[in-house]
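Mapping of the sequence shown onto the working numbering: residues 23 to 435, in sequence order. Heads up, the beta-carbon is just placed ideally off N, CA and C, and yes, glycines get one too. Predicted model, so just to flag it, every value in this text is computed and none were measured. Here the structure comes first, spelled out in structure tokens, and everything after it is commentary.
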Amino acid sequence: MNAVLTPKIDIEKIRGEFPILHQQINGKPLVYFDNAATNQKPKRVIKALTDYYQGYNANIHRGIHTLAEKATSAYEDTRVAMWKFINAQHVEEIIFTSGVTESINLVASSYGRAFLKEGDEIIISGLEHHSNIVPWQMIAEEKKAILKVISITPAGEIDLDHYKKLLSDRTKIVAVNHASNSLGTINPVKEIISMAHAVEAFVLIDGAQASAHLPIDVQDLDCDFYCISSHKMYGPTGTGILYGKKKLLEKMPPYMGGGEMIKDVTFAKTTYNDLPYKFEAGTPNIADVVALKEAVLFINELGKENIAAHEHNLLQYATAKLSALPQVKLIGTASNKVSVQSFIIDRIHPFDIGQMLDARGIAVRTGHHCTQPLMDSFGIEGTVRASFAVYNTREEIDQMIEGLKRIIGFLIK
Ligand code: C6P
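The following block contains the structure:
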């Protein structure tokens with residue numbers, strides 16, 4: 023995060039939007055620092071869910087009755103909101119999926135099955151979540167393609183020199199995250215994309231950890247695919263999007279067969295629907311898609327630059343406080359980061375730290391964060407990860423630091 027602005031946000035008003043924050047956990051006020059796993063939902067998102075189920079629950083794109091038309095138009099309104107949110111060129115480039123994991127599997131499976139050949143190469147980075155590793159391993163095995171991995175530096179940044187060496191005319195796909203869930207590193211995706219395009223490879227960006235924190239402009243990035251999970255941007259679980267360039271999505275075969283993705287079906291032959299419906303087989307997750315629009319509006323109304331500035335302040339504050347504890351070792355010290363700080367404490371297992379913080383009402387994530395190869399490269403099993411959202415405060419960080427001091431004092435004599 024480079025731009026350090028003064029955030030224009032009213033923290034009390036924002037916290038008032040999140041009912042879940044106002045509770046006691048183990049007798050202490052909840053401090054929720056597990057936002058990279060999933061962040062909390064504002065009232066307007068929760069209301070959109072109940073409004074749908076109480077007022078106009080109906081299947082979409084099928085019925086001509088009033089409820090069906092209302093549900094269809096609310097569902098399509100979210101597509102328009104996401105289209106604008108990432109500045110895609112065409113609205114039909116927005117495909118609803120269950121989230122980043124399904125979006126990556128869709129591309130690996132559909133694009134990979136149709137176009138990868140023996141000896142083709144797929145490049146990922148050492149920073150990837152299992153969701154951006156395993157689908158590529160699966161398709162590489164099936165098509166006898168080769169998976170290559172870009173090394174990372176000790177600070178947790180992608181080694182661009184190594185990436186340059188891996189690129190060749192055999193490279194067909196490059197798949198990297200916009201920001202790392204375990205370390206917070208923001209990757210230079212624009213540069214990564216243009217380097218891949220120079221060898222005519224396609225690029226998929228895993229935007230799971232970017233959508234709530236960083237501006238996303240898929241036309242400016244010129245990425246071929248971009249993946250988002252709603253639940254990491256204040257929206258409901260179980261939905262998200264795949265963005266793909268229209269000319270690529272048009273060439274790709276359907277991922278799943280069923281209702282809605284067809285134009286005509288006979289026992290002899292099926293013709294497929296136009297974009298985006300070709301990739302949306304079956305009854306989708308209507309309620310959650312509808313409510314996702316409210317999450318987009320919530321972010322837009324606050325302004326991503328304000329959110330980023332507030333979170334940047336929190337990250338700097340937390341990093342300074344953690345660094346002042348001699349027993350703490352920070353994992354992930356890239357110069358450009360989203361609001362994630364991982365750390366370990368010598369001689370105390372991350373799980374024990376997580377449990378002892380939980381006893382004080384503080385929720386952090388512990389373990390490998392679905393990035394086992396990344397943890398291996400640091401020679402550790404896992405970390406404690408504190409990740410901040412727009413509703414977090416410095417006082418909450420002070421509580422975590424106080425908790426850590428107690429834990430260290432109690433367990434390290
Ligand atoms: N990371 C975390 O605690 P899904 O589960 O499909 O919404 O997102 C998967 C995923 C893919 N890429 C990145 C960079 C991610 O961070 C995640 C989800 C959570 O870090 C849960 S493991």
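Just to confirm my understanding: we take residue i, look at its own chain, exclude 5 residues before and 5 after, and list those with CB closer than 6 Å. What are they?
| i | result |
| --- | --- |
| residue 297 | 114 and 271 |
| residue 245 | 215, 225 and 227 |
| residue 255 | 233, 234 and 317 |
| residue 65 | 39 |
| residue 178 | 205, 207, 354 and 356 |
| residue 311 | 97, 100, 118 and 261 |
| residue 251 | 121, 122, 230 and 262 |
| residue 320 | 64 and 256 |
| residue 185 | 172 |
Since I believe residue j is in contact with residue i (beta carbons under 8 Å), could you give me their beta-carbon distance rounded to a whole number of angstroms?
| i | j | result |
| --- | --- | --- |
| residue 28 | residue 253 | That pair is no contact at about 29 Å. |
| residue 142 | residue 110 | Not a contact, Cβ separation roughly 27 Å. |
| residue 89 | residue 80 | 4 Å |
| residue 140 | residue 165 | 7 Å |
| residue 366 | residue 406 | 7 Å |
| residue 258 | residue 63 | 7 Å |
| residue 429 | residue 370 | 7 Å |
| residue 248 | residue 108 | 6 Å |
Does the distance from the C-beta atom of residue i to that of residue j stay below 7 Å?
| i | j | result |
| --- | --- | --- |
| residue 337 | residue 357 | no |
| residue 157 | residue 130 | yes |
| residue 240 | residue 329 | no |
| residue 436 | residue 162 | Given a span of 23 to 435 for the chain in the structure shown, any question on residue 436 remains unanswerable. |
| residue 396 | residue 204 | yes |
| residue 147 | residue 198 | yes |
| residue 105 | residue 117 | no |
| residue 280 | residue 304 | yes |
| residue 82 | residue 284 | no |
| residue 408 | residue 363 | yes |
| residue 326 | residue 237 | yes |
| residue 175 | residue 181 | yes |
| residue 136 | residue 276 | no |
| residue 73 | residue 387 | no |
| residue 149 | residue 170 | no |
| residue 151 | residue 393 | yes |
| residue 50 | residue 431 | no |
| residue 421 | residue 53 | yes |
| residue 372 | residue 404 | yes |
| residue 138 | residue 264 | no |
| residue 196 | residue 145 | yes |
| residue 273 | residue 112 | no |
Under the three-state reduction of DSSP, which class applies to residue i: helix, strand or coil?
| i | result |
| --- | --- |
| residue 114 | helix |
| residue 25 | Because the pLDDT of residue 25 is 48, which lies under 50, any placement of that residue in the model is unreliable, and the question is left without a value. |
| residue 41 | helix |
| residue 377 | helix |
| residue 242 | helix |
| residue 413 | coil |
| residue 6 | No answer is possible for residue 6: it lies beyond the span of the chain, which begins at 23 and ends at 435. |
| residue 143 | strand |
| residue 169 | strand |
| residue 191 | coil |
| residue 420 | helix |
| residue 388 | strand |
| residue 264 | strand |
| residue 382 | coil |
| residue 429 | helix |
| residue 297 | coil |
| residue 164 | helix |
| residue 66 | helix |
| residue 51 | strand |
| residue 196 | strand |
| residue 156 | helix |
| residue 329 | helix |
| residue 215 | helix |
| residue 100 | helix |
Determine, using beta carbons only, whether residue i comes closer than 7 Å to chain C.
| i | result |
| --- | --- |
| residue 121 | No chain C is part of this structure, which consists of one protein chain only. |
Which same chain residues end up closer than 7 Å to residue i when comparing Cβ atoms and leaving out the 5 residues on each side of it in sequence?
| i | result |
| --- | --- |
| residue 415 | 33 |
| residue 191 | 221 |
| residue 36 | 412 and 413 |
| residue 324 | 31 and 412 |
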